[in-house]
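Asks: Going down the list, the protein sequences come from chains A and B. Number 126 in my numbering belongs to position 126 of the first sequence; there are no gaps in the numbering. Just so we're on the same page, my numbering is the position in the second sequence counted from 1, plus 247. By construction, the Cβ of each residue, glycine as well, lies at the ideal position given by its N, Cα and C atoms. Everything numeric in this text was worked out from a predicted model, so none of it was measured.
2 protein chains.
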Amino acid sequence: MTPMFKIDHTNCADCPIRHRAVCAHCDANELEKLEGIKYYRSFEAGQTILWSGDQMNFVGSVVSGIASLTQTMEDGRTQMVGLLLPSDFVGRPGRESAPYDVQATTDLVMCCFRKKPFEEMMNETPHIAHRLLQMTLDELDAAREWMLVLGRKTAREKIASLLSIIARRDASISHEGNAGPIVFDLPLTREAMADYLGLTLETVSRQISALKRDGVITLEGKRHVTIPDMGRLMEEAGDDSDGGFLV
Amino acid sequence: MTPMFKIDHTNCADCPIRHRAVCAHCDANELEKLEGIKYYRSFEAGQTILWSGDQMNFVGSVVSGIASLTQTMEDGRTQMVGLLLPSDFVGRPGRESAPYDVQATTDLVMCCFRKKPFEEMMNETPHIAHRLLQMTLDELDAAREWMLVLGRKTAREKIASLLSIIARRDASISHEGNAGPIVFDLPLTREAMADYLGLTLETVSRQISALKRDGVITLEGKRHVTIPDMGRLMEEAGDDSDGGFLV
DNA sequence: GTTTCCACTTGATCTCTATCAAGGTTTATT
DNA sequence: AATAAACCTTGATAGAGATCAAGTGGAAAC
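The following block contains the structure:
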């Protein structure tokens with residue numbers, strides 16, 4: 001079965017969304033139906049988009065920036081449970097409320113669809129339901145991969161795993177699958193990284209310094225990262241070299 | 248929208264599956280179509296049902312016993328990424344292979360459907376696709392809830408969280424939502440619990456002893472557990488008392 | 001130009017959990 | 001009844017990461 005939506009980071013001319021996600025522009029048949037319910041929203045870094053328990057009256061895709069899903073315990077401990085990069089889908093068709101906080105980790109633009117009409121369209125067009133199921137399965141795979149990181153990896157491996165995810169995601173967007181050094185800007189503070197990895201920000205800082213000292217990464221300033229050897233980084237992450245991350 | 252399948256632990260006369268899962272007997276319209284492709288399979292405790300990467304040519308529901316999903320690193324570290332209790336759905340419609348090992352943790356009976364015809368039926372009957380999306384979202388919620396456990400909870404809280412999940416699940420099956428002590432048999436070895444919680448089996452044993460010493464649980468033998476006060480257990484787990492676990 | 005603030009780094013120490021090791025129970029096997 | 005094989009418990013010790021604390025650097029605000 002060939003997917004009705006183009007996927008995997010191909011852009012179309014008039015839409016900024018990379019098409020791992022559902023997008024109106026990708027399917028001429030749906031375009032008119034969606035045009036009316038589509039809108040863009042911008043958020044500032046640090047802004048909370050939704051609190052856990054809030055009514056969620058839209059679904060959408062990240063256009064630019066990074067959003068994060070966070071769970072919080074009563075005493076304030078927090079764990080990031082999802083990182084939404086450009087092209088990722090946000091939303092829970094058929095669900096009333098958000099089960100975790102959704103935050104803009106950086107300045108963020110989202111392409112939103114009002115939920116009701118989106119769901120109606122989903123019910124009428126089976127391939128969209130099918131596509132959503134596939135995306136949800138992707139997210140489930142990514143969440144489970146992350147459970148291994150959280151449960152069994154050392155601090156150093158955790159950092160390497162996170163850098164590896166961001167590097168791979170970034171590389172696949174900027175220049176299609178070539179070798180050579182990978183360069184990118186870290187979009188997360190040390191604290192956000194710690195929240196994602198189940199560490200403290202001090203440990204994150206120490207391990208980044210260690211990876212730098214050992215030549216696994218190069219840093220200019222605090223955010224600009226160069227990965228001279230991706231294979232080496234993935235060894236440090238404890239992954240089989242071919243890698244199975246899906247985020 | 249009312250679900251076409253009965254859900255939430257109601258049994259019908261001729262089917263052993265509790266209906267959080269897709270099941271032929273729950274929808275007369277689909278019954279005949281499914282009859283031909285449905286079959287039961289039994290597994291012994293410890294048996295591996297699927298290795299990571301194997302072709303997955305069926306989907307199905309757990310009828311009795313417990314199955315687990317496990318990820319393994321090259322050096323042997325393992326993390327359980329899912330626990331499948333009776334009524335849980337196993338399978339990845341539209342996917343070729345399993346991304347993790349599937350094992351029978353106890354003796355296990357599954358109700359299986361051959362994948363191809365199941366997928367065809369899914370494509371023809373939108374409400375089954377819809378139901379599968381909802382179930383996958385449930386699993387995603389559970390996985391993300393578990394990320395908080397793995398990333399931020401102490402060993403004691405982790406044990407309490409696991410007991411809490413099993414107790415709640417068990418209680419909702421055996422006697423509909425009443426108060427009073429909850430009694431059940433632990434279906435997992437200390438080692439399996441450790442693999443699920445990102446701990447060692449020694450730490451699991453020590454924390455269970457501690458919970459017993461502190462009167463949070465009572466143990467007869469090594470597996471028979473009594474929870475005198477479920478609220479107390481949930482406090483120990485660090486949950487807001489109303490609890491959000493979805494497993 | 002100075003001050004303030006925020007993100008980050010580094011050091012010292014402590015604590016929780018892993019690790020190593022030994023022994024105990026229960027259940028199955030001979 | 002004796003033996004073996006899982007499974008579990010408990011103790012001693014070590015180590016990874018948390019916690020507490022001080023200080024650096026850079027950018028924005030005054």
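Do L133(A) and L332(B) have their beta-carbon atoms positioned less than 8 Å apart in this structure?
Replies: It is not a contact, given that the beta carbons lie outside the stated cut-off.
Asks: Below 9 Å between beta carbons is the criterion; list the residues of the region 317-350 of chain B that meet it against any residue of chain A, in chain order.
Replies: Hits within the stretch, in order: Q318, T319, M320, E321, D322, R324, T325, Q326, M327, V328, G329, R339, P340, G341, R342, P346, Y347.
Asks: I want to verify the contact list: residues of chain B whose CB lies under 8 Å from the CB of H130(A), in sequence order.
Replies: The answer, in chain order, is G341, N370, A376.
Asks: Would you say E367(B) faces chain A, with C-beta separation under 8 Å as the test?
Replies: For E367(B), the answer is no, since every Cβ of chain A falls outside 8 Å of its Cβ.
Asks: With respect to the beta strand (DSSP E) encompassing A351(B), which residues constitute its N-terminal and C-terminal limits?
Replies: Unbroken beta strand (DSSP E) run through A351(B): 348-351.
Asks: Based on Cα-Cα distance, which residue from T353(B), D335(B), S311(B), Y286(B) lies nearest to T224(B)?
Replies: Given that chain B is displayed from residue 248 to residue 494, the structure contains no residue 224(B) and the question cannot be resolved.
Asks: Exposed or buried, Q318(B), counting other C-beta atoms within 10 Å across all chains shown (16 or more means buried)?
Replies: Under this definition Q318(B) is a buried residue.
Asks: Of all the residues that make up the region 143-156 of chain A, which are near chain B by a beta-carbon distance shorter than 9 Å?
Replies: Listed by position along the chain: A143, R144, E145, W146, M147, L148, V149, L150, G151, R152, K153.
Asks: Where do the ends of the beta strand (DSSP E) carrying G82(A) lie?
Replies: Counting along the chain, the beta strand (DSSP E) containing G82(A) begins and ends at 78-84.
Asks: Return the bridge partner residues of V337(B) from the DSSP annotation.
Replies: BP columns for V337(B) point to G307(B).
Asks: What's the gap between the Cα of V63(A) and the Cα of L233(A)?
Replies: The alpha-carbon atoms of V63(A) and L233(A) are separated by roughly 28 Å.
Asks: Which bits of chain A does G468(B) rub up against, with CB to CB less than 9 Å?
Replies: Those do not exist, as G468(B) stays about 28 Å from chain A at its closest Cβ, beyond 9 Å.
Asks: Where does Q302(B) fall in DSSP's three states?
Replies: Three-state result, Q302(B): strand.
Asks: Which ranges does the alpha helix (DSSP H) cover as unbroken runs of at least 4 residues, wholly within the region 126-167 of chain A, from first to last along the chain?
Replies: If we require 4 residues or more, the alpha helix (DSSP H) runs fully inside the region 126-167 of chain A come out as 126-152.
Asks: As a quick exercise: from D432(B), F431(B), V451(B), P428(B), pick the residue whose alpha carbon is nearest that of A439(B).
Replies: That would be V451(B), whose Cα lies nearest to the Cα of A439(B).
Asks: Count the other C-beta atoms from every protein chain shown that fall within 10 angstroms of the C-beta of E139(A), then say buried if there are 16 or more, exposed otherwise.
Replies: Burial call: buried.
Asks: If you scan the region 196-242 of chain A from start to end, which runs of the beta strand (DSSP E) of 3 or more residues do you find wholly inside it?
Replies: Complete beta strand (DSSP E) runs here, min 3: 218-220, 224-227.
Asks: Do you know how far the Cα of P340(B) is from the Cα of P117(A)?
Replies: In a straight line, the C-alpha of P117(A) is about 26 Å away from that of P340(B).
Asks: Roughly how many angstroms separate the alpha carbons of G82(A) and G312(B), rounded to a whole number?
Replies: Their Cα atoms are separated by approximately 31 Å.
Asks: Given this structure, state the Cα-to-Cα distance separating L186(A) from G485(B), to the nearest angstrom.
Replies: Going by the C-alpha atoms only, they are around 32 Å apart.
Asks: Can you check DSSP and say which residues form a bridge with M110(A)?
Replies: Paired residue(s): R41(A), V62(A).
Asks: Check D432(B) in the structure and name its three-state DSSP category.
Replies: Looking at D432(B) - three-state DSSP - the assignment turns out to be strand.
Asks: So is K38(A) buried or exposed if we call it buried at 16+ other beta carbons inside 10 Å?
Replies: Classification for K38(A): buried.
Asks: What does P126(A) touch in chain B if you count any residue whose Cβ is under 8 Å from its own?
Replies: Simply N370, P373, A376.
Asks: Taking Cβ to Cβ, would you say V356(B) is nearer than 8 Å to V337(B)?
Replies: No. Outside cutoff.
Asks: Beta-carbon of D141(A) versus every beta-carbon of chain B: anything under 8 Å?
Replies: Yes, its Cβ sits closer than 8 Å to a Cβ of chain B.
Asks: Based on the DSSP secondary-structure assignment, which residues constitute the bridge partners of Q318(B)?
Replies: According to DSSP, Q318(B) bridges with Q326(B).
Asks: Can you pull the chain A neighbours of L384(B), defined as C-beta to C-beta under 7 Å?
Replies: The answer, in chain order, is R92, R95, T136.
Asks: Going along chain B in order, which residues have a C-beta closer than 7 Å to the C-beta of G238(A)?
Replies: Those are M320, listed as they occur along chain B.
Asks: Figure out for me which residue from V183(A), T200(A), G198(A) has the closest Cα to the Cα of H224(A).
Replies: With distances taken between Cα atoms, H224(A) lies closest to V183(A).
Asks: Less than 8 Å between the CB atoms is what I'm expecting for S315(B) and M327(B), so what's the real figure, rounded?
Replies: So it is a contact: roughly 5 Å between Cβ atoms.
Asks: Below 7 Å CB to CB, which residues in the same chain sit around G188(A) once its five sequence neighbours on both sides are set aside?
Replies: Looking at the sequence itself, residue 188(A) is Leu, so the reference to Gly does not match. T105.
Asks: Are the C-beta atoms of G60(A) and some chain B residue less than 8 Å apart?
Replies: No, G60(A) lies away from the interface with chain B (no Cβ there is under 8 Å from its Cβ).
Asks: List the residues of chain A whose Cβ lies closer than 9 Å to the Cβ of L435(B), in chain order.
Replies: Near L435(B) there are no residues of chain A at all, since even the closest Cβ is about 15 Å away, more than 9 Å.
Asks: By Cβ distance below 6 Å, which residues in the same chain neighbour S362(B) in space, the five residues on each side in sequence not counted?
Replies: Position check: residue 362(B) holds Lys in this sequence, whereas Ser was assumed. Once the five neighbours on either side are set aside, the close Cβ partners of K362(B) are N304, F305, V306.
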